[in-house]
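Residues 167 to 593, numbered by the numbering used here, are exactly what the sequence shown covers, in order. Where a beta carbon is used, it is the ideal one built from N, C-alpha and C, also for glycine. Source: prediction; values computed, not measured.
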Amino acid sequence: MPALVLLGAQWGDEGKGKATDLLGGSVDYVVRYQGGNNAGHTVVVGDQKYALHLLPSGILSPGCTPVIGNGVVVDPSVLLSELSGLNERGVDTSKLLISGNAHIITPYNVTVDKVTERFLGKRKIGTTGRGIGPTYADKINRVGIRVQDLYDESILTQKVEAALDVKNQILTKLYNRRAIAVNQVVEELLGYADKLAPYVADTVLVLNQALEQDKVVLFEGGQGTLLDIDHGTYPFVTSSNPTAGGACTGAGVGPTKISRVIGILKAYTTRVGAGPFPTELFDEDGEALRRIGGERGVTTGRDRRCGWFDAVIARYATRVNGLTDFFLTKLDVLTGWEQIPVCVAYEIDGKRVEELPYSQTDFHHAKPVYEMLPGWNEDISKAKSFSDLPKNAQNYVKALEEMSGAPISAIGVGPGRDETIEINSFL
Ligand code: GDP
Ligand code: IMO
Ligand code: MG
Numbered sequence: 167m168p169a170l171v172l173l174g175a176q177w178g179d180e181g182k183g184k185a186t187d188l189l190g191g192s193v194d195y196v197v198r199y200q201g202g203n204n205a206g207h208t209v210v211v212g213d214q215k216y217a218l219h220l221l222p223s224g225i226l227s228p229g230c231t232p233v234i235g236n237g238v239v240v241d242p243s244v245l246l247s248e249l250s251g252l253n254e255r256g257v258d259t260s261k262l263l264i265s266g267n268a269h270i271i272t273p274y275n276v277t278v279d280k281v282t283e284r285f286l287g288k289r290k291i292g293t294t295g296r297g298i299g300p301t302y303a304d305k306i307n308r309v310g311i312r313v314q315d316l317y318d319e320s321i322l323t324q325k326v327e328a329a330l331d332v333k334n335q336i337l338t339k340l341y342n343r344r345a346i347a348v349n350q351v352v353e354e355l356l357g358y359a360d361k362l363a364p365y366v367a368d369t370v371l372v373l374n375q376a377l378e379q380d381k382v383v384l385f386e387g388g389q390g391t392l393l394d395i396d397h398g399t400y401p402f403v404t405s406s407n408p409t410a411g412g413a414c415t416g417a418g419v420g421p422t423k424i425s426r427v428i429g430i431l432k433a434y435t436t437r438v439g440a441g442p443f444p445t446e447l448f449d450e451d452g453e454a455l456r457r458i459g460g461e462r463g464v465t466t467g468r469d470r471r472c473g474w475f476d477a478v479i480a481r482y483a484t485r486v487n488g489l490t491d492f493f494l495t496k497l498d499v500l501t502g503w504e505q506i507p508v509c510v511a512y513e514i515d516g517k518r519v520e521e522l523p524y525s526q527t528d529f530h531h532a533k534p535v536y537e538m539l540p541g542w543n544e545d546i547s548k549a550k551s552f553s554d555l556p557k558n559a560q561n562y563v564k565a566l567e568e569m570s571g572a573p574i575s576a577i578g579v580g581p582g583r584d585e586t587i588e589i590n591s592f593l
């Protein structure tokens with residue numbers, strides 16, 4: 167059973183970095199398959215804390231080969247500074263492989279992201295401003311720059327020219343900005359070529375050969391199911407497919423190879439940026455979740471919006487990803503509430519609705535229907551097995567499992583590697 171996918175089941179920041187790192191010691195490859203440095207994955211190893219944006223969290227496990235797949239968008243300056251930051255802390259990054267087909271986030275993609283958001287004003291998405299959407303747009307429009315283009319100056323120049331022909335018209339005439347010079351961009355990009363060269367590889371071939379040899383490959387999603395461009399709360403989404411299918415296209419591995427799909431699920435809900443969020447709290451409970459859970463964005467430093475657990479969303483994530491397991495994180499954050507509300511259904515225009523509505527209008531009108539579950543006061547951060555948890559915490563987990571449609575195979579009770587209760591082994 168060599169290929170596993172690990173992905174966010176909500177709106178991102180579920181604790182994917184910690185979960186990936188935890189498995190990293192037992193797998194041969196960890197592969198990012200979509201997104202870019204909009205992700206912020208926190209990994210805590212002993213007293214060391216790492217914030218990873220582009221590199222797969224497996225980079226911190228010495229035996230594991232980290233891979234940036236073809237579906238990822240790569241900002242070379244961010245990648246190189248992330249690598250040197252890790253090297254300075256003694257992490258060996260020499261095994262990294264980067265797909266030659268991954269697209270490059272160019273400086274003009276970052277500019278377009280920022281000016282577009284400013285132009286949208288009140289209607290903005292609240293992007294991370296990292297150039298993600300414009301880079302994927304260029305890819306789909308067939309004017310994107312790929313990693314392999316850094317090694318052919320003539321092709322690179324032609325492609326940058328083609329991309330800037332249109333963008334400079336928009337930047338100067340619509341957004342009232344200065345035009346971007348082709349040679350400046352080409353020069354900057356060529357400056358990255360030698361530095362990235364040792365890592366560039368045919369990752370599709372490498373990964374498929376690894377799977378043929380029964381090596382264990384873990385695909386690490388960025389963002390989350392509800393931020394998926396197809397299955398999320400469009401248009402308040404990211405521009406890629408964090409859902410399980412994205413692992414196949416974003417790494418070049420067939421669906422028949424994937425044996426397990428693990429959804430990372432926070433014991434409550436958070437969201438960064440704009441868009442609907444039925445269980446969002448605007449009171450002291452929301453403030454308490456934010457404070458106790460440390461809910462501040464790793465990438466942009468924005469406060470995360472916080473709310474109660476939403477089982478409708480969890481069920482939806484099970485369905486669209488074909489989840490085989492959940493990894494429930496941050497259960498410890500809920501310690502101290504007398505009663506914990508859990509959203510079991512929505513009320514939409516006076517009607518009870520059990521499943522996520524496909525219509526954006528309906529979702530905007532969705533009001534949570536809550537069931538109250540009894541809370542607990544005991545410190546659970548030292549719990550090592552399910553039976554160490556207080557009865558009410560056990561019942562909370564069991565209730566969530568029942569509502570969400572897949573077994574909860576691990577529970578996070580703290581940010582550290584060892585602050586995890588393993589129920590069913592993932593490997
Ligand atoms: P990711 O984007 O899904 O990797 O998640 P982030 O790293 O952005 O946010 C998750 C945060 O929760 C990080 O600060 C983690 O260190 C922390 N975390 C992960 N699992 C747990 C847990 O079980 N309990 C607590 N208290 N913190 C956790
Ligand atoms: P990780 O991997 C939470 C959100 C942004 C914005 C929307 C679009 O750490 O879970 P983008 O820059 O991608 O075009 O922004 O998506 N977003 C995230 N929210 N966690 C993330 O990543 C996110 N990556 C993007 O806030 O609402
Ligand atoms: Mg994050």
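Would you call residue 120 buried or exposed, if buried means 16 or more other Cβ atoms sit within 10 Å of its Cβ? Because residue 120 is not part of the residues shown, which for the chain are 167 to 593, the question remains open.
If you measure from the CB of residue 478, is any heavy atom of ligand 3 nearer than 7 Å? As a first step, residue 478 must be located in the sequence shown, where it is residue number 312. Result no, Cβ not under 7 Å from ligand 3.
Within 10 Å of its beta-carbon, does residue 342 have 16 or more other beta-carbons around it, so buried, or fewer, so exposed? What you label residue 342 is simply residue 176 of the sequence shown in a count that begins at 1. With fewer than 16 other Cβ atoms from the protein chains shown falling within 10 Å of its own Cβ, residue 342 counts as exposed.
Please identify the residue among 488, 340, 360 whose C-alpha is closest to the C-alpha of residue 318. Translated into positions along the sequence shown, residue 318 becomes position 152. Among 488, 340, 360, the Cα nearest to that of residue 318 belongs to 360.
In the DSSP assignment, find the beta strand (DSSP E) that holds residue 588 and state where it starts and stops. For the purposes of this step, residue 588 is identified with residue 422 of the sequence shown, where counting begins at 1. 586–588 is the span of the beta strand (DSSP E), which, as asked, contains residue 588.
Assigned secondary structure, residue 449 (DSSP; H/G/I helix, E/B strand, else coil): Here residue 449 refers to the residue found at position 283 of the sequence shown. Note: residue 449 maps to coil in three-state DSSP.
Taking the beta strand (DSSP E) that residue 214 falls in, what are its first and last residues? Locating residue 214 in the sequence shown gives position 48, counting from the first residue. For residue 214, the enclosing beta strand (DSSP E) stretches over residues 214–218.
Please report how far the alpha carbon of residue 406 lies from the alpha carbon of residue 417, in whole angstroms. Locating residue 406 in the sequence shown gives position 240, counting from the first residue. Locating residue 417 in the sequence shown gives position 251, counting from the first residue. C-alpha separation (whole angstroms): 13 Å.
Pull up the distance between the alpha-carbon of residue 443 and that of residue 375, whole angstroms please. Counting from one through the sequence shown, the residue named residue 443 turns up at place 277. Counting from one through the sequence shown, the residue named residue 375 turns up at place 209. Each residue's alpha carbon lies about 42 Å from the other.
Just the Cα atoms here: how many angstroms apart are residue 346 and residue 353? By 1-based counting over the sequence shown, the position of residue 346 is 180. By 1-based counting over the sequence shown, the position of residue 353 is 187. Put simply, the backbone Cα of residue 346 is about 13 Å away from that of residue 353.
Pair within 8 Å by beta-carbon distance, residue 598 and residue 193: Absent from the model: residue 598. The displayed extent of the chain is 167 to 593, so no value can be given.
To which residues of the same chain is residue 203 closer than 6 Å at the C-beta, ignoring the five residues directly before and after it? Counting from one through the sequence shown, the residue named residue 203 turns up at place 37. Within its own chain, the residues whose Cβ lies closer than 6 Å to the Cβ of residue 203, once the five positions on either side in sequence are excluded, are 219, 220, 241, 244, 296, listed in chain order.
Helix, strand or coil for residue 529 per DSSP? Locating residue 529 in the sequence shown gives position 363, where the first residue counts as 1. Residue 529: helix per DSSP, three-state reduction.
Cutoff 6 Å; reference residue 275; Cβ partners in own chain excluding five residues on either side: Taking the first residue of the sequence shown as 1, we reach residue 275 at position 109. Closer than 6 Å at the Cβ level, and outside the excluded window around residue 275, lie 297, 300, 301.
Residue 219: beta carbon under 7 Å from a heavy atom of ligand 1? Counting from one through the sequence shown, the residue named residue 219 turns up at place 53. Flag unset: Cβ of residue 219 not near ligand 1.
Pairwise C-alpha distance: residue 436 and residue 394: Taking the first residue of the sequence shown as 1, we reach residue 394 at position 228. Taking the first residue of the sequence shown as 1, we reach residue 436 at position 270. Each residue's Cα considered, the two are about 16 Å apart.
Using DSSP with H/G/I as helix, E/B as strand and the rest coil, what is residue 573? Taking the first residue of the sequence shown as 1, we reach residue 573 at position 407. Residue 573 sits in coil when the DSSP states are folded into three classes, being neither helix nor strand.
Can you have a look at residue 593 and say buried or exposed, based on whether 16 or more other CB atoms are within 10 angstroms of its CB? On the sequence shown, residue 593 is found 427 positions in, with the first residue counted as 1. Exposed, since its Cβ has fewer than 16 Cβ neighbours within 10 Å.
One question on the structure: do residue 582 and residue 351 come within less than 8 Å of each other, judged by their Cβ atoms? Within the sequence shown, numbered from 1, the residue matching residue 582 stands at position 416. Within the sequence shown, numbered from 1, the residue matching residue 351 stands at position 185. Taking the C-beta atoms as reference points, residue 351 is found no nearer than 8 Å to residue 582.
Under 7 Å: does the beta carbon of residue 179 sit that close to some heavy atom of ligand 3? One-based indexing of the sequence shown puts residue 179 at position 13. Checking the Cβ of residue 179 against ligand 3 gives yes.
Less than 8 Å between the CB atoms is what I'm expecting for residue 477 and residue 429, so what's the real figure, rounded? For this step, residue 477 is matched to residue 311 along the sequence shown. For this step, residue 429 is matched to residue 263 along the sequence shown. About 13 Å separates the two Cβ atoms, so there is no contact after all.
Quick one: does the C-beta of residue 205 sit closer than 7 Å to a heavy atom of ligand 1? In the sequence shown, residue 205 corresponds to position 39, counting from 1. Of the heavy atoms belonging to ligand 1, at least one sits nearer than 7 Å to the Cβ of residue 205.
Please check if any C-beta of chain C sits within less than 8 Å of the C-beta of residue 438. Absent here is chain C; the protein component of the structure consists of one chain.
Taking DSSP as the reference, what is the three-state secondary structure of residue 414? Taking the first residue of the sequence shown as position 1, residue 414 is located at position 248. Shown here, residue 414 sits in a helix according to DSSP, grouped into three states.
Which residue marks the beginning of the alpha helix (DSSP H) containing residue 484, and which one marks its end? In the sequence shown, counting from the first residue as 1, residue 484 sits at position 318. That run of the alpha helix (DSSP H) goes 477–487.
Own chain, CB closer than 8 Å to residue 595, minus 5 neighbours either side, in chain order: Outside the displayed span of the chain (167 to 593) sits residue 595, for which this structure offers no information.
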